[in-house]
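Engineer: I'd like to ask some things about the structure below.
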């Protein structure tokens with residue numbers, strides 16, 4: 041059976057084969073993850089469609105077109121009960137097992153972490169002893185680092201771009217900063233003063249879209265602030281109830297999704313988009329919720345969010361987070377969307393201007409909740425406050441509309457009872 | 003009833019549990035630690051390793067002052083024992099160290115709950131619930147995807163002879179006698195029995211060790227065990243090997259111990275009988291039976307290589323699982339267990355765990371014994387060096403014992419090191435490091451050792467593997 045890069049979405053034509061979890065010759069079981077592929081939108085695992093012995097034809101780190109065959113599974117040897125997962129777990133140590141080259145405890149640990157067996161490494165020490173340097177140079181060989189990363193080429197030193205992105209060309213368990221251990225500063229595995237890595241397709245796509253959003257829209261931001269007193273007390277009051285009935289405490293996000301939808305109903309242009317010189321009105325509310333993943337921010341979409349109950353919204357968001365973690369997010373989860381919400385508050389942001397996600401016309405930015413003095417009934421009182429930011433496309437939404445929309449969202453959050461009675 | 007949610011609940015704050023809890027915090031988990039005692043540290047800190055070493059050190063000084071000072075040309079009046087003060091110092095040492103652990107737990111933001119823990123099984127959300135009956139008589143419920151059992155062990159009893167804490171006692175009480183017993187009988191010739199027997203012998207008690215097996219410390223290298231046996235007998239400890247204790251008769255403040263050394267029933271009078279025949283995993287009251295967690299025939303929790311029990315999400319380490327019942331083994335397992343939870347490929351390298359008997363001379367070992375090598379047919383060479391030939395040992399007047407190194411006959415890889423002698427507990431560290439680095443006897447021999455130190459004995463023993471020792 042051939043292993044092919046599957047169709048993952050309408051606009052995706054190529055993918056980066058980021059990492060093979062198995063080696064050629066390994067026995068694989070049906071539904072076992074074989075490799076990780078990265079497209080310009082998401083990262084996902086490719087599972088085996090059959091059991092058998094794997095033969096890899098495209099090495100990791102290669103960018104291939106959708107539909108390309110990247111390997112074979114020989115099913116004729118399926119069912120053979122060989123625990124062929126050679127990569128994992130070198131058997132619980134037995135002194136006799138490692139009769140050959142002596143190793144130090146730290147070298148043994150790194151070998152296990154990197155799935156390398158002692159006979160793969162040529163030891164440079166006395167009697168073939170494997171040093172950490174030997175091991176790390178073997179690992180860098182395995183992961184095929186681009187040469188630029190190893191030495192700092194003099195010509196490029198002047199380029200003032202501090203390219204230190206979380207995504208490396210090949211997704212490996214160990215970040216490449218680990219390589220040089222020639223220094224005596226004990227466990228610091230730091231490389232030179234600069235490193236250069238090509239952008240991953242996902243990061244490239246993010247970069248292009250962000251610049252496009254800035255250049256092709258008339259983006260403007262308006263601010264307001266919300267008083268979370270009532271939302272907080274509702275949440276703590278029904279926390280137990282929700283935990284018992286739905287297995288999770290009620291989050292903050294569902295309130296904002298609800299508030300946004302109610303406000304969108306009153307200001308339909310905020311839910312609209314521009315196509316050429318036409319304005320498209322959406323009679324549905326697909327709300328994108330920005331979630332930070334390991335490889336960048338993704339914005340999965342809650343379909344028909346107006347029909348979801350609070351706990352359903354909460355659960356849907358939790359499901360998305362889980363999918364992102366396990367590389368199971370589908371392109372379909374990201375497409376469409378009529379309005380987005382981004383919560384910089386989870387990282388502690390006090391105030392920021394969110395950026396549009398075209399062709400959407402507006403995005404709401406949530407921020408950290410902070411106890412602040414505010415005036416209520418001529419008294420200075422302490423309230424849990426949050427700044428709200430609405431970035432909008434001024435081409436289609438007027439200032440008055442944007443401000444009023446945001447005021448409406450604020451009112452719903454200040455007084456969630458109204459929201460609950462309506463929703 | 004409120005439920006507090008964590009990433010990991012550790013039950014038992016002994017050397018396994020508290021170390022695991024701190025490591026888990028370092029790895030970013032939210033950790034609850036449940037301990038039934040008022041102080042953390044478990045048996046090790048409260049009534050084991052630490053208080054016994056405090057008494058061993060105090061009693062050693064006492065016996066030095068009494069027996070050895072004249073040899074060094076120091077004349078003093080015979081030293082007087084103030085047992086209460088000695089005990090107070092011991093208590094103080096324990097208090098300082100348990101305070102230290104409390105501080106560490108606080109510093110690392112481990113949530114400590116004092117009370118008895120009972121596993122309640124998974125809740126609807128799939129988290130394991132643990133009910134903690136707090137010291138305040140309240141009950142609180144904790145929940146986490148993972149629970150680590152580190153409840154340790156308790157002293158095993160002699161069949162038909164229950165401990166009463168007065169005449170028949172366990173190690174815990176034997177660390178706090180109010181006066182020196184006239185005659186202390188120790189049932190069990192293991193580490194604990196020999197250490198506590200030594201304490202009371204040095205302080206003046208008549209001590210008789212009764213061991214069921216025909217030899218002491220059966221898992222120790224025979225030459226080492228024999229050397230230790232001779233030393234202890236020279237100090238006046240009496241031994242009855244191959245002896246079965248059948249019963250105890252009470253006679254006012256004394257006990258008549260009935261035993262059989264293979265020559266028929268005998269009786270002997272004593273005022274304390276210390277039962278130190280071994281330890282049993284402490285699993286009762288945790289609710290393991292209800293959840294169907296599998297135990298082996300010796301009551302230990304059956305775990306896989308992740309230290310996970312037969313019930314997903316429930317883990318166990320230390321004295322609860324097979325392997326030597328040692329504090330440092332439990333700590334190792336604690337660290338490795340939580341590191342594996344965090345996806346790291348940590349393992350405990352059991353063959354490199356040292357074992358130490360803190361008598362005087364001390365006995366320390368790492369790796370294989372000569373008997374094990376013979377049994378498995380591994381070709382080996384043995385090198386040995388006696389402390390009596392070592393300058394520093396002479397200066398200290400501590401000339402008993404030796405260092406013995408067992409190395410592979412072909413590769414020269416060191417397979418086992420056995421030390422009986424002064425500060426063997428500290429000397430063994432070099433050997434443990436060397437074994438971990440998979441070094442050879444030649445590696446030790448090529449390493450310069452400072453003169454005059456006890457560590458030179460290791461080098462000479464290493465040279466002796468190839469019969470190239472300089473000072474023999």
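Residue numbers (this note's numbering), protein chains in the order written: chain E, 41 to 463; chain B, 3 to 474. Glycine included, every Cβ here is placed at the ideal spot set by N, Cα and C. Small disclaimer: the values here were computed from a predicted structure and weren't measured.
(1) Cα separation between residue 133 of chain B and residue 33 of chain B?
(2) Go ahead and pull the three-state DSSP assignment for residue 264 of chain E.
(3) Would the region 338-346 of chain B and the region 403-413 of chain B be scored as touching if the rule is three or more Cβ pairs under 8 angstroms?
(4) Could you have a look at residue 315 of chain B and say whether DSSP puts it in helix, strand or coil?
(5) Along chain E, which residues have their Cβ under 8 angstroms away from the Cβ of residue 346 of chain B?
(6) Going by CA-CA distance only, name the one from E/297, E/316, E/111 that's closest to residue 526 of chain E.
(7) Return the residue from the list B/146, B/148, B/120 that minimises the CA-CA distance to residue 135 of chain B.
(8) I want to verify the contact list: residues of chain B whose CB lies under 9 angstroms from the CB of residue 416 of chain E, in sequence order.
(9) Applying a beta-carbon distance threshold of less than 8 angstroms, which residues of chain B neighbour residue 149 of chain E?
(10) Can you give me, in chain order, the residues of the region 119-133 of chain B that have a beta carbon less than 7 angstroms from any beta carbon in chain E?
(11) For a cutoff of 8 angstroms on Cβ pairs, would you count residue 65 of chain E as touching chain B?
(12) Using a 10 Å radius around the Cβ and a threshold of 16 neighbouring Cβ atoms, would you call residue 317 of chain E buried or exposed?
(13) With DSSP collapsed to three states, give me the class of residue 259 of chain E.
(14) Looking only at its chain, what residues have a beta carbon closer than 6 angstroms to the beta carbon of residue 107 of chain B, apart from the 5 residues adjacent to it on each side?
(15) Could you run through the region 69-87 of chain E and flag, in chain order, every residue whose CB is less than 9 angstroms away from some CB of chain B?
(16) Check the Cβ of residue 432 of chain B against every Cβ in chain E and list those closer than 9 angstroms, keeping chain order.
(17) Is it buried or exposed, residue 63 of chain E, if we count other Cβ atoms within 10 angstroms and call 16 or more buried?
(18) Give a yes or no on whether 8 angstroms exceeds the smallest Cβ distance from residue 8 of chain B to chain E.
(19) Quick one: which unbroken alpha helix (DSSP H) runs of 4-plus residues sit fully inside the region 180-230 of chain B? Chain order, please.
(20) So, helix, strand or coil for residue 278 of chain E, using DSSP?
(21) Does DSSP put residue 87 of chain E in a helix, in a strand, or in coil?
(22) Go ahead and pull the three-state DSSP assignment for residue 364 of chain E.
(23) Chain B partners of residue 262 of chain E, CB-CB under 8 angstroms?
(24) May I have a chain-ordered list of the beta strand (DSSP E) segments no shorter than 3 residues that lie completely inside the region 314-384 of chain E?
(25) Could you pull out every residue in the same chain whose Cβ sits closer than 7 angstroms to the Cβ of residue 62 of chain B, ignoring the five residues on either side in sequence?
(26) In whole angstroms, what is the alpha-carbon distance linking residue 176 of chain B and residue 360 of chain B?
(27) Under 8 angstroms between C-beta atoms, does residue 49 of chain B make it to chain E?
(28) Report yes or no: do the region 346-354 of chain E and the region 406-421 of chain E share at least 3 C-beta pairs separated by less than 8 angstroms?
(29) Please state the DSSP three-state secondary structure of residue 300 of chain B.
(30) Which residue or residues does DSSP assign as beta-bridge partners of residue 272 of chain B?
(31) Who are the neighbours of residue 424 of chain E on chain B, taking C-beta pairs under 8 angstroms?
(32) Just checking my contact of residue 234 of chain B with residue 207 of chain B at CB under 8 angstroms: how many whole Å lie between their CB atoms?
(33) Can you check which of these residues, B/38, B/322, B/256, B/394, is closest to residue 452 of chain B by C-alpha distance?
(34) Run through the DSSP bridge pairs and tell me what residue 406 of chain E is partnered with.
(35) How big is the Cα-Cα spacing for residue 537 of chain E and residue 430 of chain E?
(36) Quick test of the definition: if touching needs 3 or more C-beta pairs under 8 angstroms, does the region 69-81 of chain B touch the region 46-53 of chain B?
Structural biologist: Looking at the atomic coordinates:
(1) 15 angstroms
(2) strand
(3) no
(4) coil
(5) Near residue 346 of chain B (Cβ distances below 8 angstroms), the residues of chain E are 153.
(6) Residue 526 of chain E is absent from the structure shown; chain E starts at 41 and stops at 463.
(7) For the residues B/146, B/148, B/120, the minimum Cα distance to residue 135 of chain B belongs to B/120.
(8) Under the 9 angstroms cutoff, chain B gives no residues; its nearest Cβ is about 31 angstroms from residue 416 of chain E.
(9) 347, 348
(10) For the region 119-133 of chain B, the beta-carbon criterion of a distance under 7 angstroms to any beta-carbon of chain E is satisfied by 126, 127.
(11) no
(12) exposed
(13) strand
(14) 114
(15) none
(16) Against chain E, a Cβ distance below 9 angstroms from residue 432 of chain B picks out nothing, because the smallest value is about 15 angstroms.
(17) It is exposed - the Cβ of residue 63 of chain E has fewer than 16 other Cβ atoms within 10 Å.
(18) Answer no: the Cβ-Cβ gap between residue 8 of chain B and chain E never drops below 8 angstroms.
(19) 193-204
(20) Note: residue 278 of chain E maps to helix in three-state DSSP.
(21) strand
(22) helix
(23) In chain order: nothing, as chain B lies at least about 38 angstroms away.
(24) 318-320, 327-329, 331-333, 336-338, 379-383
(25) 204, 362
(26) 16 angstroms
(27) no
(28) no
(29) coil
(30) B/257
(31) Within chain B, not a single residue places a beta-carbon under 8 angstroms from that of residue 424 of chain E; the smallest gap is close to 22 angstroms.
(32) With a Cβ gap of about 14 angstroms, residue 234 of chain B and residue 207 of chain B do not count as contacting.
(33) B/394
(34) E/383
(35) Residue 537 of chain E lies beyond the residue range present for chain E, which begins at 41 and ends at 463; the question has no answer from this structure.
(36) no
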